[in-house]
Amino acid sequence: MNLNPASKLIPAAVLLALAAFPWLGADYYTGLAVKLMIYAIFALSLQLLVGGAGLVSLGHAAFFGIGAYAAALLSPEAEAAGLAWLLGAAVLGAAAYALLTGALALRTRGVYFIMVTLAFSQMAYYVFHDTGLGGGSDGIYLYFRPQLSLGGWLPFDLDQPGTYYLFVLACLALTWGFLAMLARSPFGAALAGIRINEQRMRAAGYSTFPYKLTAYVVGAALAGLAGFLYALKDGFVTPELLAWEQSGLVLLMVILGGMSRLGGAVLGAAALILLQELFQSQALFGDYARHWHLPLGLAIIALVALLPDGLAGLPAQWRARRAARRPAAAPGADTADAAAPQSLPLSGEPHA
Amino acid sequence: MPEAMLAARGITRRFGGLVAVNDVSLDLQRGTVHAVIGTNGAGKSTLINILSGELMASAGQVLLEGRDITAWPQPQRARGGLGRSYQRSTIFPALSVYENCRLAAQAGRQRFWHWWRHAGDCAHSAGQARHALERTGLAASAATPAGLLPHGHKRQLEIAMCLAGQPRVLLLDEPLAGMGPEETERILALLQALKAEHAILLVEHDMDAVFGNADTITVMVNGSAIACGTPAQIRANPQVQDAYLGEGPCTH
Amino acid sequence: MDAGIFLIQCLNALQHGLLLFLVASGLTLIFGIMGIINLAHGSFYMIGAYMAFALGPLVERWTGGGFAATLLLCVLLAALLGYLLEAAFFSYLYRRDHLQQVLMTYGLILVFEEVRSLLVGNDVHGVPMPGWLSGTVSLGGVMTYPVYRLFISAVGIGVALLLYWVITRTRLGMMVRAGASNREMIGSLGIDINRLYRIVFAAGVALAALAGTIAAPVSSVYPGMGHGVLIVCFVVVVIGGIGSIRGAFLAAMLVGAVETFGQVLFPAAAGVLVYLLMALILLCKPEGLFKQG
């Protein structure tokens, strides 16, 4: 991860733009921006797994949903809950489920891991969908947003849309900053090595399981945070938040944005949410807007096929294409090696 | 007789019905180079995988400085001083040469929970990395992305990464693979320099290099060790001559 | 549970397991031979069922044929669809990594669902059972069991035997077995890889569609039917081991039993039991019970 000025300026610029937004945009667009920020946190949390540790999880929505349900289930019906402990419960609930299922799922590799994470998230989905816990398939409501109460004094009121917006923005900024810090730490460096070549890291003396499990749990905790914020947004939570379609969607956001940069996740979240808005727009598609899954599906196929490095990797892709067109070509296969996208571990080769 | 730094006792490994390694024993002494040679399929790779911990032996013991490490997983052996380099370069192509070594060195002091620190600031891994790069002569290319190195330098980096972890025993799997004569000389000189402080196990096909640089040679055929001795003894051994019918030291 | 009900549940478990096997065998073959993880596999099951619904009346009108003719037509069309899909889309996925395959086939699911929605709509439909199969059979004079469910089991067993015969006794099967344990090798053996892949893929699609078609009269035809089947089949493949037909069969029987008896014994936890089973097996055997290669 290069530390040139751009990599610090761009996130700062994005955050400032988001901060200024409510005063410039209409209500609907402010709501959209909140959704975008929440999904950005969700995507960043998965980015830690996929782009950081090389763990492709198709069940990340489970943690998002657990965070959301924790917020809704634990909030009393008649009054606001305490913000600190409700947020803590949501994050810890997601982390706990991740610890249990991760310890098992991480015994598998490659495609098995993808399928196992999907299965574990289905398990959580069924718990919320079929059992009495939380209103079944109809979902449940959260009536009062939690408040931070310091001995009776409220430093800010989350019921105010402007305050809530800034709270979400702050969570996004903190998440982004935390993950950037983590990536630069010894833990992050080791995680990157595990992603590139786990066997080599083991040969060097790293026990890789604790690293992967920790990344999995931290990613889950942050997804739980995103889910918590989502529950606060409209006050309504359904089991569909844990469905595999959500897991696929957030995975898409990470890939679409570009796995090698943190900002890619934010970019991917924005791109996918805006694409969804676009294809659902009745102004453009009239009655056919009902079938917005079709153009979305085609767009997904095209984007994944044409942008192996995602949107954040576009500048590098253009540069490489221009360099390849110049007559004095770069030396042989080694350059191609260095510029090629990182490929993930394939089918489960057993390791001792 | 000084205690062997690494000892293998009766190592056997079965894959279903196939016996890949059959009751092989050897000793690695500090200050020596012990080469393992054999035809393709003789079980050399399996043996080195068992010694390094990537594969578990079906029977037998592995002892590191007297301790029984047979049940230890590979990372634990590496932290215990057992370093290994691979036949096919397993460097990290996207990282710089320096970062490759630093990351390998970090294994010695992982600082797992120190999330607020900058990995590059760690004095221990930085020092080890620089030291390893100097010993292998790669200090000049420290900032180059490892994927852009010429093949010979990649093999050197492979050894540098191994050294960065401060091992006491080195398991080198065909370090000379694909190297030209000049690069081969360089690596062999490095091996001689490293010999003093380490015990080195060398799996190699290059007979000139082996007979010119090894103190002890073990010959493996079809999974069994058929001979073990000094280069002169091995050259004179009739069984070895049989096994290598027609293949003299100068074939490669 | 008395003996009569137990017998009925056993028969249900057998039928459910065999249906799962039909779908999972295609999934595991396609992954084992071609290395593709295909999220859209459940959609083929859905397509088979919707074809039964949509084509049944047409077949009757044009040819006067009944259920058997519709079934045959559906399977042939599905095989053709699979053959064309492989050439037009899936062959581009072989070189991509699993992540890209997952996402591109995810996009494909969306496309399939919407195309179905455009062509046939989103309603739930029933498919009439053929007259000659809609009776019941008496079990020891005390209980009765629907003939049609026995028919499903019979088809499942028949296909399983057919697959066994093809894989162990024919040249095609030999290539499939070689490919499942070592994909890189079959290319160097001078076998026409592209045709082999296309045939295997078509077979996988046909199997899934067959399952959907024969299940339709019993389960009815509804939009989400592909997704539920897909994920359970993933569990079957994980438990059985990728690339192993034998593993898929045994795992499907196991999962079928757990799901069927689970629904009767622990209705509240029924949806979760299968995943608990998977978790338990992973504790002991992370690569499945019969991993190939």
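First to last, the protein sequences are chains A, B and C.
Per our numbering: the first sequence = residues 52 to 403.
Per our numbering: the second sequence = residues 907 to 1158.
Per our numbering: the third sequence = residues 192 to 484.
We put the CB at the ideal spot given by N, CA and C, even for glycine.
All of these numbers come straight from a predicted model, not from anything done at the bench.
Report the rounded CA-to-CA distance for residue i versus residue j, giving the unit in angstroms.
| i | j | result |
| --- | --- | --- |
| Trp227 (chain A) | Leu313 (chain A) | 8 Å |
| Ala1131 (chain B) | Lys1101 (chain B) | 24 Å |
| Ala266 (chain A) | Val1116 (chain B) | 45 Å |
| Leu220 (chain A) | Val301 (chain A) | 19 Å |
| Leu276 (chain C) | Ser311 (chain A) | 32 Å |
| Leu292 (chain A) | Gly223 (chain C) | 32 Å |
| Ile227 (chain C) | Tyr285 (chain C) | 7 Å |
| Arg373 (chain A) | Leu325 (chain A) | 30 Å |
| Ser398 (chain A) | Val428 (chain C) | The predicted position of Ser398 (chain A) is uncertain, since its pLDDT is 32 and thus under 50; a value taken from the coordinates is nonetheless stated next. Going by the C-alpha atoms only, they are around 13 Å apart. |
| Ala123 (chain A) | Leu283 (chain A) | 8 Å |
| Gly133 (chain A) | Pro206 (chain A) | 13 Å |
| Asp1112 (chain B) | Leu106 (chain A) | 40 Å |
| Asp193 (chain C) | Gly431 (chain C) | 31 Å |
| Arg1061 (chain B) | Leu155 (chain A) | 37 Å |
| Tyr1004 (chain B) | Ala1035 (chain B) | 7 Å |
| Trp978 (chain B) | Thr938 (chain B) | 25 Å |
| Pro212 (chain A) | Gly82 (chain A) | 9 Å |
| Ala380 (chain A) | Ala371 (chain A) | Its pLDDT being 44, under 50, Ala380 (chain A) is placed unreliably in this model, and the coordinates cannot settle the point. |
What residues of chain A sit near residue i, judged by a beta carbon separation below 8 Å?
| i | result |
| --- | --- |
| Pro414 (chain C) | Neighbours of Pro414 (chain C) on chain A: none; closest Cβ ~11 Å, over 8 Å. |
| Leu468 (chain C) | Those do not exist, as Leu468 (chain C) stays about 10 Å from chain A at its closest Cβ, beyond 8 Å. |
| Phe392 (chain C) | Those within 8 Å of Phe392 (chain C) in chain A number zero; the least Cβ separation is about 17 Å. |
| Gly1071 (chain B) | Ala255 and Gly256 |
Mapping the DSSP letters down to three states, classify residue i as helix, strand or coil.
| i | result |
| --- | --- |
| Met1126 (chain B) | strand |
| Asn248 (chain A) | coil |
| Ala390 (chain A) | With a pLDDT of 37 at Ala390 (chain A), under the threshold of 50, the modelled position of that residue is not reliable, and the figure given next carries that caveat. In the structure shown, Ala390 (chain A) sits in a helix (DSSP, three-state: H, G or I). |
| Gly966 (chain B) | strand |
| Asn928 (chain B) | strand |
| Asp45 (chain A) | For residue 45 (chain A) there is no data in the structure shown, the boundaries of chain A being 52 and 403. |
| Pro382 (chain A) | Caution is warranted here: a pLDDT of 46 is assigned to Pro382 (chain A), below 50, making its placement in the model unreliable, and the coordinate value is therefore given only provisionally. In this structure, Pro382 (chain A) counts as coil in the three-state DSSP scheme. |
| Pro458 (chain C) | helix |
| Gly944 (chain B) | strand |
| Ile975 (chain B) | coil |
| Met295 (chain C) | helix |
| Pro1051 (chain B) | strand |
| Trp136 (chain A) | helix |
| Tyr336 (chain C) | strand |
How would you list, in chain order, the residues of chain A whose beta-carbon sits under 9 Å from the beta-carbon of residue i?
| i | result |
| --- | --- |
| Glu304 (chain C) | His344, Leu345 and Gly348 |
With distances taken from CA atoms, which of the options is nearest residue i?
| i | options | result |
| --- | --- | --- |
| Phe1018 (chain B) | A:Tyr257, A:Leu354 and A:Ala63 | A:Tyr257 |
| Ile165 (chain A) | C:Gln291, C:Thr404 and C:Leu220 | C:Gln291 |
| Pro458 (chain C) | A:Met88, A:Thr182 and A:Val85 | A:Thr182 |
| Leu220 (chain C) | C:Glu478, C:Ala245, C:Val463 and C:Leu387 | C:Leu387 |
| Ser234 (chain C) | C:Ser344, C:Phe392, C:Ala245 and C:Glu304 | C:Glu304 |
| Asp383 (chain C) | C:Val367, C:Ala394 and C:Gly395 | C:Val367 |
| Gly104 (chain A) | A:Leu157, A:Phe336 and A:Ala254 | Correcting the residue type first, residue 104 (chain A) is Ala in the shown sequence and not Gly. Ranking the options by Cα distance to Ala104 (chain A), first place goes to A:Leu157. |
| Leu249 (chain C) | C:Tyr336, C:Thr261, C:Ala231 and C:Val333 | C:Thr261 |
| Leu210 (chain C) | C:Ser410, C:Gly331 and C:Tyr466 | C:Ser410 |
Strictly below 9 Å CB to CB, what residues from chain C border residue i?
| i | result |
| --- | --- |
| Ala356 (chain A) | Tyr283, Arg287, Gln291 and Met295 |
| Thr265 (chain A) | Ordered by position in chain C, no residue passes the 9 Å Cβ test against Thr265 (chain A), which lies about 20 Å from the chain. |
Is residue i near the ligand FMN, judged by its Cβ being under 7 Å from some heavy atom?
| i | result |
| --- | --- |
| Thr952 (chain B) | Of the ligands one can find in the structure shown there are none, so the ligand FMN has no counterpart to examine. |
Kindly give me the distance between the Cβ atoms of residue i and residue j, rounded to whole angstroms, as I take these residues to be in contact under 8 Å.
| i | j | result |
| --- | --- | --- |
| Tyr236 (chain C) | Met444 (chain C) | About 18 Å; that fails the 8 Å criterion. |
| Thr952 (chain B) | Ala926 (chain B) | 4 Å |
| Gly273 (chain C) | Ala397 (chain C) | 6 Å |
| Ala984 (chain B) | Thr976 (chain B) | Contact doesn't hold; Cβ gap of about 15 Å is too wide. |
Listing by chain order, which chain C residues have their CB less than 7 Å from the CB of residue i?
| i | result |
| --- | --- |
| Asp360 (chain A) | The premise fails here: Asp360 (chain A) is roughly 11 Å from chain C at the closest Cβ pair, so nothing lies under 7 Å. |
| Gln173 (chain A) | Ile422 and Tyr466 |
Going along chain A in order, which residues have a C-beta closer than 7 Å to the C-beta of residue i?
| i | result |
| --- | --- |
| Gly462 (chain C) | Tyr177 and Asp181 |
| Ala903 (chain B) | Any property of residue 903 (chain B) remains undetermined from this structure, which presents chain B solely from 907 to 1158. |
| Phe481 (chain C) | Residues of chain A passing the Cβ test: none, with the nearest at roughly 13 Å. |
Given that residue i touches chain B, what residues does it touch there, using C-beta distances under 7 Å?
| i | result |
| --- | --- |
| Tyr215 (chain A) | Result: empty, since nearest Cβ-Cβ is about 29 Å, beyond 7 Å. |
| Arg253 (chain A) | Gln980 and Pro981 |
If the cut is a Cβ gap below 9 Å, which residues of chain B does residue i touch?
| i | result |
| --- | --- |
| Ile352 (chain A) | By Cβ distance, chain B contributes nothing, its closest Cβ being about 27 Å from Ile352 (chain A), past 9 Å. |
Going along chain C, which residues have a C-beta under 8 Å from residue i?
| i | result |
| --- | --- |
| Gly161 (chain A) | His289 |
| Val268 (chain A) | Those do not exist, as Val268 (chain A) stays about 17 Å from chain C at its closest Cβ, beyond 8 Å. |
Listing by chain order, which chain B residues have their CB less than 8 Å from the CB of residue i?
| i | result |
| --- | --- |
| Phe207 (chain A) | In chain order: nothing, as chain B lies at least about 27 Å away. |
Quick one, which residues of the stretch 307-318 of chain A are near chain D if we go by CB-CB under 8 Å, in chain order? Note that chain D does not occur in the displayed structure, where the protein chains are A, B and C.
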